[in-house]
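Engineer: The opening position of the sequence shown corresponds to residue 3 in this note's numbering, with each subsequent residue numbered one higher. For every residue, glycine included, the Cβ atom is placed at its ideal position computed from N, Cα and C.
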Amino acid sequence: EKRDELLDATTATFLLDEVQREHATHQSPRVLKRAMERFEAFTHQRYKLIVDPKDNGSFIAVDQESGHGHKLSELSDGTRAQLILAARLAFAEDVSHGTDLPLVLDEALDHSDPERFHTIACSLARMIVDEGRQVFYLTNDPNDVAAFRRAFEEEGCTLPNAIHLGVRHSGTASISDESQLHVPELRPVPNPD
Numbered sequence: 003e004k005r006d007e008l009l010d011a012t013t014a015t016f017l018l019d020e021v022q023r024e025h026a027t028h029q030s031p032r033v034l035k036r037a038m039e040r041f042e043a044f045t046h047q048r049y050k051l052i053v054d055p056k057d058n059g060s061f062i063a064v065d066q067e068s069g070h071g072h073k074l075s076e077l078s079d080g081t082r083a084q085l086i087l088a089a090r091l092a093f094a095e096d097v098s099h100g101t102d103l104p105l106v107l108d109e110a111l112d113h114s115d116p117e118r119f120h121t122i123a124c125s126l127a128r129m130i131v132d133e134g135r136q137v138f139y140l141t142n143d144p145n146d147v148a149a150f151r152r153a154f155e156e157e158g159c160t161l162p163n164a165i166h167l168g169v170r171h172s173g174t175a176s177i178s179d180e181s182q183l184h185v186p187e188l189r190p191v192p193n194p195d
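See the structure below:
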C-alpha cells in the first residue's frame, strides 16, 4: 500500500514537472526565453532565471549550486548587470526582425569582475561571428580593450578595432590640466535685425 502511494506521488510529481516544463517552453515569450538563455550563458550556467507565478510573475534567479532563489534586488551588482544586459540583447534581437542592427554598449560591463567580463565578451564575440552583428563598446578603461581582444581571439572572431576618440579629436590621449577642457568663446550671434 505504501509502495503504491509512493509510486502515485512520484508519478504526480513527474507529470507536474513535465506540465510546467511544457508550459514554460511553449508559453514563455520569445524575448524572455532568449534573455534566460543569455543570462545562463553569462553566468556559466550558475544562475537560472525563472518567473515566479506566486509573486505576480516577478523574476527569481535560482543559484544552480545551492538551489536557492534570489530576488533581483538580492543579486550582486555584477550579476544584476549581466541580467540587464541579457534582457537588453534579447529585446534588441527581437525588435530587429532579422535586420542586423548595431549594438551600442556604453561601459555596460563596468560592474563585472574579470571572469564575468570575459564570459560576456566571449558571448558578444560569438554573436558577432554567428549573427554578423556590429557592436560598439564605449569605455574609458584601456584594460577593457585588452580584455575584449583576449575574448575575441579565444572565440576566433576578428579582433576589435579600438578607436581612441581623444587622439582622433585633439591629437592627444589625455589632458595635462583643467584649462584644456575649456573651449574658446564663440563670436556673439548677430542681431536678427
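So what does DSSP say about residue 72, is it helix, strand or coil?
Structural biologist: Numbered from its first residue, the sequence shown carries residue 72 at position 70. Correct three-state label for residue 72: strand.
Engineer: Anyone know if the C-beta pair for residue 63 and residue 49 falls short of 7 Å?
Structural biologist: For the purposes of this step, residue 63 is taken as the residue at position 61 of the sequence shown. For the purposes of this step, residue 49 is taken as the residue at position 47 of the sequence shown. Yes; because the gap between Cβ atoms is below 7 Å, this pair is in contact.
Engineer: Is the segment 148 to 155 close to the segment 121 to 131, with three or more CB pairs under 8 Å?
Structural biologist: Yes: at least three Cβ pairs fall under 8 Å.
Engineer: For residue 155 and residue 70, what's the separation of their Cα atoms in angstroms?
Structural biologist: As a first step, residue 155 must be located in the sequence shown, where it is residue number 153. As a first step, residue 70 must be located in the sequence shown, where it is residue number 68. Cα to Cα, residue 155 sits roughly 35 Å from residue 70.
Engineer: Please classify residue 119 as buried or exposed, where buried requires at least 16 neighbouring CB atoms within 10 angstroms.
Structural biologist: On the sequence shown, residue 119 is found 117 positions in, with the first residue counted as 1. By the neighbour-count rule (16 or more Cβ atoms within 10 Å), residue 119 is buried.
Engineer: Under 7 Å Cβ to Cβ from residue 12, same chain only, skipping five residues before and after it: list those, please.
Structural biologist: Taking the sequence shown and counting its residues from 1, one reaches residue 12 at position 10. Closer than 7 Å at Cβ, skipping near neighbours: no residue.
Engineer: Specify, as a first and last residue, the run of the beta strand (DSSP E) that residue 56 falls within.
Structural biologist: The count along the sequence shown starts at 1 and reaches residue 56 at position 54. Run containing residue 56: none; DSSP gives neither H nor E here.
Engineer: Kindly indicate which residue of 144, 123, 41 and 67 has the alpha-carbon position closest to the one of residue 61.
Structural biologist: Working through the sequence shown from its first residue, we reach residue 61 at position 59. Closest by alpha carbon: 41.
Engineer: In the DSSP assignment, what are the bridge partners of residue 50?
Structural biologist: As a working note, residue 50 is residue 48 in the sequence shown. DSSP output for residue 50 lists 64 as bridge partner(s).
Engineer: For residue 45, is the classification buried or exposed, using 16 other Cβ atoms within 10 angstroms of its Cβ as the cut-off for buried?
Structural biologist: Within the sequence shown, numbered from 1, the residue matching residue 45 stands at position 43. The residue is buried, with at least 16 neighbouring Cβ atoms inside 10 Å.
Engineer: Does DSSP classify residue 87 as helix, strand or coil?
Structural biologist: Stepping through the sequence shown from its first residue, residue 87 is reached at position 85. Note: residue 87 maps to helix in three-state DSSP.
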